[in-house]
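Worksheet: the structure to be examined is printed underneath.
Residue numbers (my numbering): -4 to 452.
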């Protein structure tokens, strides 16, 4: 006699199968790929799959440059996640700074360091989609380079916070006494470290990357009494040395004084005084030029803390002189400042001087005009003007005895020659040429050239 819970055997009727034979064949026909991908069947659910967590990649491309009392921190926004998937799941970047001999441990950066800035990040489009271009005013674009400026304060020049020592456990052996380290007479200079950490839209931080660092030593004094002047050809900038006259003398080694007696020992040749080093303090000149008024305006970008331009000096290398000269450029405002450089460190800027050079300098007049009469015309030639901003020539014509010559050409011509075909045979004409520069809207005109006369045929 079969028990009630005895399993059914082959040959039983279709109705005796639990759920019917149709459900049995459905279970055995489940595709293998569905089972591999985590699908469940036969009426039994499997454990839920964990969601995929995207962690933004760490920021390793970061650099810090000190210019005076400001530090310009430049970093690259990550464009991928830790698993190399794209786009990066990042909504902002937090920048931290720390001052000390060594940086804090990576897990303790946010607790011991000071927060110096936030860079918002624009979400990147998903692969295969074509959304509108991202708004650069809303945040930094993934993969782009951004620069943040940190103005150093007195607190940031001193040792930052450190972790307190761990308390001794009850019953533990007392610590072994350690001999105090020898403190050097001159303590090493402090260093400034910067670390950037990306955060996802849900506030999940990415791993800390590489920290940028620089040494915090004293910077030189800025130059004094900077003066700017210009002429038709160039702009000249002059200044007094860093630290004044005393600083100028301390930067140069004094020559060896002669001995306090006149007679030198026989057979002994006095050694020449060593030449002192020159240019111990050098200078960088910075120039800021206003936008070209004739250029088409670019996209309007907001002034945000994370979109700062690192200053670049106009001098290819620091100069050891106390003067700088560059070609003139009229009708655009220019601002000049000078920083002293010593030991690779730059001072704060000197007093900033701005001006807009106005072109009031006419070109030199053309010379040696000549006139040659031909049938129905008079041809003119002259020596061209050598002005760098030459904008053309105007030809003036009159008759002998005229007090004023009238323009023969309605617009400037650029060739140093002209053919006058509006003459009448037998009449005598007087010619002169005026040079114009390219100043807008009206150019400066030179004095008239010497006159030349010719009778038409």
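Virtual Cβ for every residue (Gly too), placed ideally from N, Cα, C. Just so we're clear, the structure is a prediction, and the values are computed from it rather than from any experiment.
By the three-class DSSP mapping on this structure, what secondary structure does residue i have?
{"i": "residue 105", "result": "helix"}
{"i": "residue 435", "result": "coil"}
{"i": "residue 153", "result": "coil"}
{"i": "residue 447", "result": "strand"}
{"i": "residue 222", "result": "strand"}
{"i": "residue 116", "result": "strand"}
{"i": "residue 373", "result": "strand"}
{"i": "residue 325", "result": "coil"}
{"i": "residue 234", "result": "strand"}
{"i": "residue 320", "result": "strand"}
{"i": "residue 216", "result": "coil"}
{"i": "residue 364", "result": "strand"}
{"i": "residue 74", "result": "coil"}
{"i": "residue 200", "result": "strand"}
{"i": "residue 97", "result": "coil"}
{"i": "residue 389", "result": "strand"}
{"i": "residue 134", "result": "coil"}
{"i": "residue 415", "result": "strand"}
{"i": "residue 401", "result": "strand"}
{"i": "residue 394", "result": "coil"}
Going by the CB atoms, is the gap between residue j and residue i shorter than 8 Å?
{"i": "residue 280", "j": "residue 333", "result": "yes"}
{"i": "residue 214", "j": "residue 203", "result": "no"}
{"i": "residue 153", "j": "residue 92", "result": "no"}
{"i": "residue 155", "j": "residue 52", "result": "no"}
{"i": "residue 137", "j": "residue 196", "result": "no"}
{"i": "residue 116", "j": "residue 207", "result": "no"}
{"i": "residue 384", "j": "residue 403", "result": "no"}
{"i": "residue 218", "j": "residue 62", "result": "no"}
{"i": "residue 146", "j": "residue 64", "result": "yes"}
{"i": "residue 50", "j": "residue 59", "result": "no"}
{"i": "residue 143", "j": "residue 344", "result": "no"}
{"i": "residue 447", "j": "residue 323", "result": "no"}
{"i": "residue 209", "j": "residue 94", "result": "no"}
Compare the Cα-Cα distances from residue i to each of the options and report the closest residue.
{"i": "residue 189", "options": "100, 236, 221 and 275", "result": "100"}
{"i": "residue 357", "options": "341, 386, 234 and 377", "result": "386"}
{"i": "residue 89", "options": "217, 414, 413 and 108", "result": "108"}
{"i": "residue 313", "options": "343, 335, 206 and 413", "result": "335"}
{"i": "residue 330", "options": "209, 130, 445 and 222", "result": "222"}
{"i": "residue 458", "options": "220, 96 and 114", "result": "With the chain covering -4 to 452 only, the question about residue 458 has no answer from this structure."}
{"i": "residue 286", "options": "64, 228, 325 and 407", "result": "325"}
{"i": "residue 141", "options": "57, 321 and 307", "result": "57"}
{"i": "residue 183", "options": "97, 160 and 290", "result": "97"}
{"i": "residue 346", "options": "210, 130 and 235", "result": "235"}
{"i": "residue 315", "options": "275, 205, 102 and 327", "result": "275"}
{"i": "residue 205", "options": "405, 317, 371 and 70", "result": "70"}
Could you compute how far the alpha carbon of residue i sits from the alpha carbon of residue j?
{"i": "residue 24", "j": "residue 79", "result": "Here the model assigns residue 24 a pLDDT of 45, short of 50, so the residue's position is not dependable and the matter cannot be decided."}
{"i": "residue 390", "j": "residue 380", "result": "14 Å"}
{"i": "residue 472", "j": "residue 278", "result": "Because residue 472 is not part of the residues shown, which for the chain are -4 to 452, the question remains open."}
{"i": "residue 297", "j": "residue 363", "result": "57 Å"}
{"i": "residue 430", "j": "residue 449", "result": "21 Å"}
{"i": "residue 394", "j": "residue 382", "result": "30 Å"}
{"i": "residue 369", "j": "residue 397", "result": "23 Å"}
{"i": "residue 32", "j": "residue 199", "result": "Unreliable placement is indicated for residue 32, whose pLDDT of 42 sits below 50; the coordinate value is still reported in the next sentence. Cα to Cα, residue 32 sits roughly 28 Å from residue 199."}
{"i": "residue 216", "j": "residue 295", "result": "37 Å"}
{"i": "residue 309", "j": "residue 352", "result": "18 Å"}
{"i": "residue 388", "j": "residue 409", "result": "6 Å"}
{"i": "residue 348", "j": "residue 132", "result": "31 Å"}
{"i": "residue 291", "j": "residue 72", "result": "29 Å"}
{"i": "residue 417", "j": "residue 426", "result": "13 Å"}
{"i": "residue 159", "j": "residue 303", "result": "37 Å"}
{"i": "residue 282", "j": "residue 148", "result": "26 Å"}
{"i": "residue 17", "j": "residue 194", "result": "The pLDDT assigned to residue 17 is 43, lower than 50, so where the model puts this residue is not dependable, and the model offers no usable value."}
{"i": "residue 392", "j": "residue 228", "result": "32 Å"}
{"i": "residue 423", "j": "residue 407", "result": "24 Å"}
{"i": "residue 355", "j": "residue 439", "result": "7 Å"}
{"i": "residue 328", "j": "residue 435", "result": "16 Å"}
Residue i: buried (16+ other C-beta within 10 angstroms of its C-beta) or exposed?
{"i": "residue 350", "result": "exposed"}
{"i": "residue 437", "result": "exposed"}
{"i": "residue 341", "result": "buried"}
{"i": "residue 187", "result": "buried"}
{"i": "residue 366", "result": "buried"}
{"i": "residue 226", "result": "exposed"}
{"i": "residue 452", "result": "exposed"}
{"i": "residue 54", "result": "buried"}
{"i": "residue 444", "result": "buried"}
{"i": "residue 441", "result": "buried"}
{"i": "residue 249", "result": "Because residue 249 carries a pLDDT of 42, less than 50, the predicted location of this residue cannot be relied on, and the following value inherits that uncertainty. It is exposed - the Cβ of residue 249 has fewer than 16 other Cβ atoms within 10 Å."}
{"i": "residue 85", "result": "buried"}
{"i": "residue 375", "result": "buried"}
{"i": "residue 232", "result": "buried"}
8 Å is my cut-off, CB to CB: does residue i come that close to chain B?
{"i": "residue 107", "result": "You won't find chain B in this structure, because it holds only one protein chain."}
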